[in-house]
Amino acid sequence: MKNYKKGLLTLTILSAMSLMAADDKTIYVNTFDDEDGENTSKCSLREAVTAASLHKAYGGCSAGQAYATVTNVIQLEGGEYKLNKELQPNSSMVIQGKSPTDYSRTDVLTNAYPAIVELKTTISGQGKVRIINTTNLNKPSITLNNIVLKEGFSSTMGGALYMGGGTTLNNVSILNSKAQVGGAIYLNDVNSSLTIARGNYQSNDAVQGSVLAMTCNDNLIYTARTITISAASFLNNGSSNSVSTFGFCGQPTVNLTANTITKNIANSNSGSILQFSSITPQGKGYLSASSSLVLLSNTIVKNTAWSAFLYDSFGVKALSNNILAYNGAGKSCRYADGDVTEVKTTNLGLNNNALILAVGDDQCDLPAETVKAIKESTIDLSGIDFTTVLSTLQEPSEYTAFMSMYFPIDNATKTDLVDIGSLGCSIQDQRGIARVSSTNSTGEGESSNTCDVGATEVLRLTAGNVGTLNQSKITLLNSYQREYDTFKALIDNPQTNPEFLAYYKLQLALYDNWKTIIKDEPHYRTIFVDPFVSNTPDEHVLPNGGREIKHLNVDNYDVTVKALGVGKLNSQNQFEGNLDDHLKCEWNPSLKQIVMYRLDDRITPSGDTEFCSYTLTLKNSNPIKASSAYILSNFANIAPIATDASYTIQHGGSQSVDINLLDYANDDGDGSTLELVNNPNKSKVYLNEKGEELAIRIGKLPDPISITAERTGPCPGSDLKSTCYGGKLHIQIKNTLDPFNYKFTYFVYDANGLVSNEATVYLNNSEMKPDGVRKSGGGSMGWLSLFGIAGLFGYRKYQSQKSA
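When we follow the numbering used here, the leftmost residue of the sequence shown carries the number 69, and every step to the right adds one.
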């Protein structure tokens, strides 16, 4: 059985544990006042930046990390920090806002804990000052997490951020920031780079690069830098005076993936939203021929400009699965160097995009040869109304991961953006939802769930085939016990963050329930399948065009199963085979799993596959929404388990002991045999042809020990040349005066002849300390031998201490 939240659980536990660490070097900000050293009882954001830069205590802030080679982390609270002057970090650091999570409920997008909520931490320049400047000293790398930056201002460059080093913005929004160049962000110098993952970039303005601008030349050469922007929304940036929203120049390597770029404004006679050209209406664009641009699965619509995408032959450009259309009276794509019709080389690759190809307003201006080449792979939106293709703009909410975006409308036509048959889209859509490609094998009329064009994906109920085999019942129970113990310890720990307790208690109850059910599960070699893992849920279209995901769980879906038999998939991915009455598939509502088992103890032969089908049906759907797929399984024999054993040898007596090693072994991994129709009393261990238990094989045996048994015989299978033992074993120390401890190893065979792990038997002499282990030797004892034994004992103690 798989726990589909395992990755999240592990991350949560590790995060919680890290916060409990005694040696926490995080610098915690505990005042919203913009103090600068005057109050040692409080730690302000400005003081924290200084302390992190110097790696020394400053104001009311701790020193953080002692060494300059270790990056400091600054933790902010929920609320607004108002700056009176810009922050100037000169050492690499991470500044993170209060985590935007709610552990009391599941997230509406992932159906997992915690729920993601709106950003809680804001840093404001109050419309008077820039927020962060890293260009003055050292040009450090900066990472910002979970923060809103708003109302930054500069009369020159970088309204919010003026960055000289590597800059990473995770779930960061920049709002209402202004500058002459780079309204939100300006990248300066050769060390600068930018990574954006999630966030809203809204109402920023500049003459050049309302969102992003950069230096083109540093040290007399084109500036090479990497710019990666994914899963973010850019809207209402710029004005009629802006010449660009994104002004790319120098030698950038640019990747834009699953973003929404909408309602931005640039000059209608000369402005561009995405400027990626060596020539512009303003003159030279300073773009290197070695530049590159990848646009993958973006929605670029409803912008107002002379050109939404300005390009020429400089730089390699690859556009796939984007909607680049509906951008008003300007061109959605415009060639910067005159008439493009007869141009042979533009270094522009296009694949599976939605464009307007008809001549006129909003056209994607392309060479005639390119238009001909992409005709089959392009959705031509010429003459098609926007409202039939995309929803209205959805305002930020929990259903949109708190970003503005559009959703494609599924009209089941060749000109909509849904399921275009391509697999080349982004791995996730802008919300973080996986774009699953799954081939259904059993449902009539079902089709593959393939890529949608643009930043978001329509979710359609899709079940996928599952390949699996039975696991050890003991391994499952042990893993659940470990998870149970972990959450129990977190709940009992007084240092645990109270925000996590509700979640931890739910997980504790979950694993406790699973332990109980699995322990009492009556079948043999049971396969457990979670039908909700790795499948795609359906979603409900809201009246405003938004989406509400109907998560895969028992509250939303019915699960039906059917045992098919043993066979294979044919060329049409349909089951072909023979019905097998001993193969069973059932839905277990208590476990919320499909259980698959056999009524006999047949092991699946090599080359065979055992099939069940399952169907997920959305409850109360009209028309009915359902999807079916196969479970392809193999039943394997689970190896028995041998465990270590320990016995005491009484010194001065017979130096022997009788043992039954089967008391320390089990074959419980296969489960219960009681419901097997052919062999309900199946032995747990190997029996010879006479029906006698003969399941123990000795592994490593030191010379001073001899072993006899009630019976012996050849071991099963490939170990036929080895001797196996049955019944009680008589363990004899050959030398009756030997005072040493010994150990030997053994294996056990199950009824099918499968061997266990190697386990150890410890023989502890009552006259010897537990660590005095002897592996060989023996012989008769004379009075002179006592000195030899004493000397050997001393030597072994010396060696033991030396190795320790």
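Note that CB positions come from ideal geometry on N, CA and C, so glycine has one too. Small disclaimer: the values here were computed from a predicted structure and weren't measured.
DSSP places residue 386 in the strand class (E or B) of the three-state scheme. Residue 268 is not a Cβ neighbour of residue 473, given a cutoff of 7 Å. If the five residues before and after residue 330 are omitted, its C-beta is found closer than 8 Å to the C-beta atoms of 301, 302, 303, 367, 368, 369, 370, 371, 461, 472 and 474, all from its own chain and listed in chain order. Distances from the CA of residue 211 to each of 727, 218 and 202 were compared; the closest alpha carbon is that of 202. With respect to the C-alpha of residue 488, the residue from 549, 516 and 182 having the closest C-alpha is 516. Residue 823 sits buried, since 16 or more C-beta atoms from the chains shown fall within 10 Å of its C-beta. Under the 10 Å beta carbon count, residue 549 is surrounded by fewer than 16 other beta carbons and is classified as exposed. Comparing alpha carbon positions, the residue from 271, 598, 585 and 298 closest to residue 334 is 271.
Residue burial annotation: residue 173 is exposed, with fewer than 16 other C-beta atoms found within 10 angstroms of its C-beta. Here residue 677 is bridged, per DSSP, to 635. Straight across, the Cα-Cα distance linking residue 436 with residue 193 is about 49 Å. Under the DSSP assignment, residue 121 falls outside any beta strand (DSSP E), being part of the alpha helix (DSSP H) whose first and last residues are 113–122. Between residue 527 and residue 693, the C-beta gap is not smaller than 7 Å, which leaves the two residues out of contact. DSSP, reduced to helix, strand and coil, places residue 615 within a strand of the structure shown. Around the beta carbon of residue 588, a 10 Å sphere encloses fewer than 16 other beta carbons of the protein chains shown; the residue is thus reported as exposed.
For residue 293, the enclosing beta strand (DSSP E) begins and ends at 292–298.
The three-state secondary structure of residue 582, taken from DSSP, is helix. For residue 189, no alpha helix (DSSP H) run applies; the uninterrupted beta strand (DSSP E) run containing it begins and ends at 189–192, by DSSP. Minimum Cα-Cα distance from residue 773 among the listed residues 749, 758, 799 and 783 corresponds to 799. Within the stretch 766–798, complete alpha helix (DSSP H) segments of at least 4 residues are not found at all.
Ranking 672, 414 and 751 by CA distance to the CA of residue 735 puts 751 first.
Secondary structure at residue 335: coil, using DSSP grouped into helix, strand and coil. Within the same chain, Cβ atoms closer than 6 Å to the Cβ of residue 713 are found at 732 and 829, the five residues on either side in sequence being excluded.
Only residues of its own chain outside the window of five on either side were considered, and among them 197, 198, 199, 200 and 201 have a CB closer than 7 Å to the CB of residue 154, listed in chain order. Within a 10 Å sphere around the beta-carbon of residue 114 sit 16 or more other beta-carbons, which makes this residue buried. In the structure shown, residue 462 falls within a strand segment according to DSSP collapsed to helix, strand and coil. If you draw a straight line from the Cα of residue 615 to the Cα of residue 225, it comes to about 39 Å. Between the C-alpha atoms of residue 118 and residue 228 there is a straight-line separation of about 19 Å. Residue 753 counts as buried, since at least 16 other C-beta atoms from the protein chains shown sit within 10 angstroms of its C-beta.
The beta carbon of residue 606 sits closer than 7 Å to those of 527, 528, 529, 618, 686 and 693, all from its chain and outside the five residues before and after it, given in chain order.
DSSP places residue 546 in no beta strand (DSSP E) but in the uninterrupted alpha helix (DSSP H) bounded by 541–560.
A direct Cα-to-Cα measurement between residue 106 and residue 432 gives close to 59 Å. Excluding its 5 nearest sequence neighbours in each direction, residue 630 has C-beta neighbours in its own chain below 7 Å: 653, 680 and 681, listed in chain order. Residues 225, 226, 230 and 281 of the same chain have their beta carbon placed closer than 6 Å to that of residue 254, with the five preceding and five following residues left out of the count. Looking at the DSSP output, residue 252 bridges to nothing.
Residue pairing by DSSP puts residue 655 in a beta bridge opposite 662.
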